[in-house]
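So for the sequence shown, our numbering puts the first residue at 4; every next one is plus one.
Report on the structure given below.
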Amino acid sequence: MSCCKECGHTLENVEVEAYEKRQVFDIPPVNLIVTEHKSQIKTCPYCGKINKAVFPESVKYPVQYGPNILASAIYCKNHHFIPYERISEFFEDIMGIKICPATIIRAEKECFQNLEYFESIIREKLMISHVVHFDETGMKIEGKRHWLHVASNEKYTCYLPHSKRGAEAIDAMGILPEFKGVAVHDGWKPYNVYDCDHALCNAHLQRELTGIEENYKQQWAKEMNKLLTEMKKYTDECKEQVKELDFEQIKALEERFDAIIMKGIEENPQSLNPEKQGKRGKNPKTKARNLLDRFIEHKEKILRFLKDLKVPFENNQAERDIRMMKLQQKISGTFRTTQGAQAFCRMRAYISTIRKNGLLVMEGIIAALKGAPLTIT
């Protein structure tokens, strides 16, 4: 500053009184670093044998990309679901690196193989957990209908793509058959046959109650919906205030539950169920009666959250974990091969698990590429 902005007087010899600071954060241009490895070659003067020194295990080809570049590509594909071709374009435009989809797929395959033991550990962790959430959703592999199964909680995630939706796939995942904790799910019948405690997703049930109330004007459905919300509020307060459950209050809430069920039976007597034409099979039930019967049959599963604060009100954990996989298909499309689907599911489970445990995704992918995945306690 050489002169006064107001009067023009020189400021050349005026001492600086203070500084006003402003900062600009940026990244330097990306420059590729090439590390050349040389293997010594020597001929034995005694026998004539040509001897070559061994390259580091990670250096397998005359020219290859290092773990940081490959991990970045895997991160784009498996964490943000960017298609292979767009990853290639991004790398060339931003970093001047021409990386083809085949290179990314080869790196994913290596990562997939290195994570086999990690996946088995996560399954064991889930099997001994107190609460595990289960869910499934449709997916396409090789143009055919398959199912993506998830088992997860707040610390661990495990996925399995399978051609079946029911017990065959659940058994193949290997968690629920050995599980002795509380399985949280949406009430789909194959889950109920496994020998463990069960808790139903009350968010699903509340949506059904709302439908019965709005479409059939059923008072019991309205009251039950309100009661479930009240129960959730009570358990949330107990968790926030770190206080024990009041079993007298729980008893009163259960009595209200039973009273609403009785009101539902009065609103839906068997005489209201439509008669089925023909002699075979049972008479069909109305939707309202069907839902009411589920509340009667599964009362213990519905109210599990009311007696165990570690059990959540809904199955949101599994739904969140499976929602990201749905997003992958929306952005990148279906899977062309079974192996590709299996690789993606294993890597996505790894990424989900390390994020749940507060670890850095990029560090985790680099570690997996090097054959030493991060350890989860």
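For every residue, glycine included, the Cβ atom is placed at its ideal position computed from N, Cα and C.
{"query": "Please confirm whether Y159 and L129 have their CB atoms less than 7 Å apart.", "result": "yes"}
{"query": "Taking the straight line between their C-alpha atoms, what separation do you get for T238 and F298?", "result": "20 Å"}
{"query": "List the residues that DSSP assigns as beta-bridge partners of M142.", "result": "H149"}
{"query": "For Y194, does the three-state DSSP call read helix, strand or coil?", "result": "helix"}
{"query": "Based on the DSSP secondary-structure assignment, which residues constitute the bridge partners of P164?", "result": "L151"}
{"query": "Using C-beta distances below 6 Å, list every residue in its chain close to S335, excluding the 5 sequence neighbours before and after it, in chain order.", "result": "F84 and P86"}
{"query": "Is A344 near P164, with beta carbons less than 7 Å apart?", "result": "yes"}
{"query": "Restricting to runs no shorter than 4 residues, where is the alpha helix (DSSP H) found entirely within the stretch 242-270?", "result": "250-270"}
{"query": "Looking at the secondary structure, which residues open and close the beta strand (DSSP E) in which T106 lies?", "result": "T106 -> not in any beta strand (DSSP E); alpha helix (DSSP H) instead, spanning P104 to N117."}
{"query": "Give the straight-line distance between the Cα atoms of A74 and R109, rounded to the nearest whole angstrom.", "result": "12 Å"}
{"query": "For L212, does the three-state DSSP call read helix, strand or coil?", "result": "helix"}
{"query": "With DSSP as the reference, identify every bridge partner of E6, one or two as the case may be.", "result": "Just to set this straight, residue 6 is Cys in the shown sequence, not Glu. C6 is bridged to T13."}
{"query": "Identify every residue that forms a DSSP beta bridge with F182.", "result": "The partner list for F182 (beta bridge, DSSP) is empty, contrary to what the question assumes."}
{"query": "For the putative contact between E226 and I263, defined by C-beta atoms under 8 Å, what is the C-beta separation to the nearest angstrom?", "result": "5 Å"}
{"query": "Among R126, S132, F121 and Q67, which has the Cα closest to the Cα of K101?", "result": "Q67"}
{"query": "Fully enclosed by the stretch 299-375, which alpha helix (DSSP H) runs are 4 residues long or longer?", "result": "302-305, 307-310, 319-335, 341-359 and 364-372"}
{"query": "My guess is that S166 and H149 are in contact by the Cβ rule of under 8 Å, so how many angstroms apart are they, rounded?", "result": "5 Å"}
{"query": "Tell me which residue opens and which closes the alpha helix (DSSP H) that D200 is part of.", "result": "Taken as a continuous stretch (DSSP letters only), D200 belongs to no alpha helix (DSSP H), being part of the beta strand (DSSP E) at D200 to L203."}
{"query": "So, do the stretch 371-378 and the stretch 110-117 have three or more beta carbon pairs nearer to each other than 8 Å?", "result": "yes"}
{"query": "Determine the extent of the beta strand (DSSP E) in which E80 is found, giving its start and end residues.", "result": "As written in the sequence, residue 80 is Lys, which differs from the Glu given in the question. Counting along the chain, K80 falls outside any beta strand (DSSP E), though it belongs to the alpha helix (DSSP H) covering P70 to H82."}
{"query": "Which residue or residues does DSSP assign as beta-bridge partners of N54?", "result": "K45"}
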